[in-house]
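Colleague: Okay, handing you the structure first.
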Amino acid sequence: MARKQTSKKASTKKTTKKNTKNTKTSSKKAKETQPTEKLISDAVKFRLLALAGLFFVAIAFYGYGVIGHALHQVFAFLFGTSFTLAAAFIILIGALLYMLIYARTPRLSSPEWVGVLLIFVAALIIYCFDDHHYGIKVINDYVEKGQFVGGGMVGYLLYGILSALFAPTGTLWAAILMIAVGVIFISARMLFKYRQYEAELPEEEELETPMMERMKKPKFFDMSDKTQVQKSKKEKDDFLFPEEAFEEPVKKKVSAPKPVKKEAAPAPAMKAMEPKPIKVKTEKKEDLKPLETPKPVKTKHGEYQLPSYKLLNPVPESASNKDELRNATETGHNLEMILDQFGVHVHVEDLQIGPTVTKYELRLEVGTRVSRILSLQDDIQLALAAKDIRIEAPIPGKPFVGIEVPNKSASMVPYNEIFQMHMREKSWDNKVAVPLGKDVSGQLITAELNKMPHLLIAGATGSGKSVCVNSIITSLLMKATPEEVRLILVDPKKVELSNYNGVPHLLSPVVTDPKKAAGVLQEVVVEMERRYEVFADNNKRNMTSYNTFAKEFNKTAKEGEEKEVMPYIVVILDEVADLMMVASKTVEDCIMRLAQMARAAGIHMIVATQRPSTDIITGVIKANIPSRIAFAVSSSIDSRTILDTSGAEKLLGKGDMLFSPMGASSPIRVQGAFVGDDEVARVVDFVSHQMEANYDDKYVNAKVTGSIGEDGGDDGDEDEEYEECRAFVIQAQKASTSLLQRRFRIGYNKAARIIEQLEENGVIGPANGSKPREVYIKTSEQEEM
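One point on numbering: in the UniProt record's numbering, the residue at position 272 of the sequence shown is 272, and numbering is uninterrupted.
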């Protein structure tokens, strides 16, 4: 029973407390909304007081009766002939006193009243101005005269003090300055209020956007929750009925600060996100200047005209980016809310809208682990209903985490657009610099082969690998003359690069035979060694310094004594997997030697394959080709085979690539440019009509030799090796393929072929299971022969 009574008392205390709170709030509300009768009565009192003031002023002005005469004498003595102004000023003072009594927030130092007072005092001083009298004597003269003239006692007192300090002329200037300051005080507040009114207009418009966005959010983000619905209703009421509409400041205490701060946080983030992609695009358009057609270049065979960008398809007009920007900002809001639901509080600092994906840069709260966002990758993809997302955690050089989300509508990057952008770059003078495409922010990405110095391109079928190779070849044809860049194209598929036959830049027709391709690579290695010998003879370290020396030497050299000016040689292997299947040892050794030593000789390789497996992209190739491009692959294992990191399995295909140049800390996502077959055909036809193809016989007639690789193919040293193997077999009285491989250090194919020839010539017998072959010729017979 005692517990029940105590509980009842406690409940009564709570109810009384609530009632007192309610009474306080009700009293505040009653004070806020006064009845109209009280306002009318206050207005009547104010008017009656003003009429009484006017009555006393009229009596003093005309001197009616004893009271009026006395007031007239006092005002005339104090203010002189300007006592009427003093009377009007006193009426205003009375109105101010009334406002002090009845106003809720009295202002003792109003600028308007200070300005009026300064103008009145200045008028009194000007009334008393006299060039011949100044100082304290002026006050004595006024008292002796007893005449109510000028500014009265107050005016002569101020004039006497100021004239003693600043002389009559300085006093006059002081009075003018007081009038000017008074006018400023009166008008400044009015101008300030007007400017404040103008400044409030855009703020109201800004408040509308985040609220309308919050009203349109999907149901996925738990907007059906009662607490969130109440928050949105409160924000809606605050927007429709702002606090400035009420005079009382008590209204500001009613709104709870926490939900307003929590909900208003995304609004500044979107303000920071919106302008960046728009500014980047407008700056690019403003900086565009008309391009000139290339001038003819003098060569040994005459003038050579480089192809113009007008041969390419025209750049289509880009659509307005308003829809993209709106979709990107909505996705940014959704990302914040999704991660907030999983307990990860982030803030979208910036976004970059690219051709195919949009990159969001997220700032994490202090103490949040990056691994938490990585673990939520599938959940984010499900919530956004995206095809695939890629998380870059963290972004190199920034304290943010990057999330790349595919755009709802991907846009193609035309090759003509990036080629014109490349023509405006400083790297245009580099003859082996080729544009690849645009990154996420819309910036041009260029690959400079002389700095890379070799490039590996890998990706699944249909991911854009062949288009990338065609764009690289087209760039070289449109930038350089045959005396500056020479090409060797290897196409085991026989259909990808065959349309480049007849181009004057080729050292040989497009190689389609894998066996011949191995021989061509060996000839390239021989050319590299020859160039190094020339560099050594002339004390030069690389091709650039040697060509500079050769050009200067040829200016004064006689005919027939000129030095050779070496061009760049770019070797493009379109499908290295087929080459590795036919002559893996030769091809791998050639690629290894070229990758290790060919940079200074001006020879660069581009190796492409659609089979990113470890038996094709071996450790030797990866170790010597640090610059790589990965297109879309099927698994993260293939991505690690190409880039040594995952990420390529998240690409979208159709030219979407990860570009990892030498020295880069992380791959760059690039949307590759699309060059059509008709564009390539026009460029090839134009170049072919400028000059006929001048093939080099050593590449045309190249065959595989045993100098580098020891595996199959037709070789010229076969007869000499056959005799050595025959003599060894007769002397050892043993014959096997493995024995010849170990003894002469040759490949399996050549050793097996020599064994077959020995059998055909009757030196050894046929194979007899696991037993060794019988040697028919004995040692004594060999000595007799």
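All C-beta atoms, glycine included, are put in the ideal place defined by N, C-alpha and C. Keep in mind it's a predicted model, so treat the numbers as computed, not measured.
If the criterion is Cβ atoms closer than 7 Å, does the pair Gly464 and Lys654 meet it?
Modeller: The answer is yes: Cβ separation under 7 Å.
Colleague: In this structure, does DSSP put Arg369 in helix, strand or coil?
Modeller: coil
Colleague: At what residue ranges does the segment 556-584 contain a whole run of the beta strand (DSSP E), taking only runs of 3 or more?
Modeller: Fully enclosed beta strand (DSSP E) runs of 3 or longer: 568-573.
Colleague: Quick check: the Cα distance between Ala460 and Val670, rounded to an integer number of angstroms?
Modeller: 17 Å
Colleague: Which first and last residues belong to the alpha helix (DSSP H) in which Pro514 is found?
Modeller: Where Pro514 is concerned, the enclosing alpha helix (DSSP H) stretches over 514-537.
Colleague: With DSSP run on the structure shown, which of helix, strand or coil describes Arg742?
Modeller: helix
Colleague: Can you name, in chain order, every residue of its own chain whose Cβ lies under 6 Å from the Cβ of Met657, other than the five neighbours on each side?
Modeller: Ile629, Phe631, Val670, Gly672
Colleague: With Gln443 as the anchor, note down where its alpha helix (DSSP H) starts and where it stops.
Modeller: Neither: Gln443 is in no alpha helix (DSSP H) and is coded neither H nor E.
Colleague: On the CB-based measure, 16 or more other CB atoms within 10 Å of its CB, does Arg369 come out buried or exposed?
Modeller: exposed
Colleague: According to DSSP, is Thr645 helix, strand or coil?
Modeller: Three-state result, Thr645: coil.
Colleague: DSSP state of Asp638, grouped into three classes?
Modeller: helix
Colleague: Let's test the definition: count the other Cβ atoms within 10 Å of the Cβ of Thr282 and tell me whether it reaches 16, buried, or not, exposed.
Modeller: Confidence at Thr282 is low in this model, with a pLDDT of 33, below 50, so the placement of that residue should be treated as unreliable; the coordinate-derived value is given next. Thr282 is exposed by the Cβ-count criterion.
Colleague: Between Ile389 and the rest of its own chain, which residues show a CB-CB distance below 8 Å, the 5 nearest in sequence each way excluded?
Modeller: Gln377, Ile380, Gln381, Ile403, Glu404, Val405, Pro406, Lys650
Colleague: According to the neighbour-count rule (16 or more other Cβ atoms, all chains shown, within 10 Å of its Cβ), is His689 buried or exposed?
Modeller: exposed
Colleague: For Arg726, count neighbouring Cβ atoms within 10 angstroms of its own Cβ and tell me buried if that reaches 16, exposed if not.
Modeller: buried
Colleague: Could you pull the start and end residues of the alpha helix (DSSP H) that Ala751 belongs to?
Modeller: In the DSSP assignment, Ala751 falls within the alpha helix (DSSP H) that extends over 748-760.
Colleague: Would you kindly report the start and end of the unbroken beta strand (DSSP E) that includes Lys438?
Modeller: 433-439
Colleague: Buried or exposed: where does Ser639 fall if 16 or more other Cβ atoms within 10 Å of its Cβ makes it buried?
Modeller: buried
Colleague: Check whether the segment 521-528 and the segment 693-706 are in contact - that is, three or more C-beta pairs closer than 8 Å.
Modeller: yes
Colleague: Within 10 angstroms of the Cβ of residue 808, are there 16 or more other Cβ atoms? Answer buried if so, exposed if not.
Modeller: What is shown of the chain runs 1 to 785, which leaves residue 808 out entirely.
Colleague: By Cβ distance below 8 Å, which residues in the same chain neighbour Met581 in space, the five residues on each side in sequence not counted?
Modeller: Pro514
Colleague: Report the option in Val620, Ser466, Ala458 whose CA atom is closest to the CA atom of Gln596.
Modeller: Val620
Colleague: Pull up the DSSP beta-bridge partners for Ile606, would you.
Modeller: For Ile606, which the question treats as bridged, DSSP gives the partners Leu455, Ile572.
Colleague: Between which residues of its own chain and Lys262 is the CB-CB distance below 7 Å, once the five residues before and five after are set aside?
Modeller: Here Lys262 scores only 40 on pLDDT, less than 50, and its place in the model should not be relied on; the value that follows carries that caveat. Contacts found: none.
Colleague: Taking Lys585 as the reference, which of Ala517, Ser634, Phe553, Phe535 has the closest Cα?
Modeller: Ala517
Colleague: Quick one: what does DSSP say Arg599 is sitting in, helix, strand or coil?
Modeller: coil
Colleague: Measure the CB-CB distance between Ala458 and Thr609 and report whether it falls below 7 Å.
Modeller: yes
Colleague: My output table needs one value for His505: the three-state DSSP class, helix, strand or coil.
Modeller: coil
Colleague: Who are the Cβ neighbours of Met662 in its own chain at under 6 Å, not counting the five residues just before and after it?
Modeller: Met452, Pro626, Ser627
Colleague: Just the Cα atoms here: how many angstroms apart are residue 791 and Met592?
Modeller: This structure cannot settle anything about residue 791, because the visible part of the chain is limited to 1 through 785.
Colleague: Tell me the rounded alpha-carbon separation between Val490 and Ser441.
Modeller: 35 Å
Colleague: DSSP three-state call for Arg424: helix, strand or coil?
Modeller: In the structure shown, Arg424 sits in coil (DSSP, three-state: anything other than H, G, I, E or B).
Colleague: Between the segment 298-314 and the segment 679-687, can you find at least three pairs of beta-carbon atoms closer than 8 Å?
Modeller: With the cut-off at 8 Å, the segment 679-687 and the segment 298-314 touch.
Colleague: What three-state label does DSSP hand Thr169 in the structure shown?
Modeller: helix
Colleague: In terms of residues, what are the limits of the alpha helix (DSSP H) holding Val490?
Modeller: It is not in any alpha helix (DSSP H) - Val490 instead sits in the beta strand (DSSP E) that spans 485-490.
Colleague: Spatial neighbours of Pro772 within its chain, please: CB distance less than 8 Å, with the 5 preceding and 5 following residues excluded, ordered by chain position.
Modeller: Lys734, Ala735, Ser736
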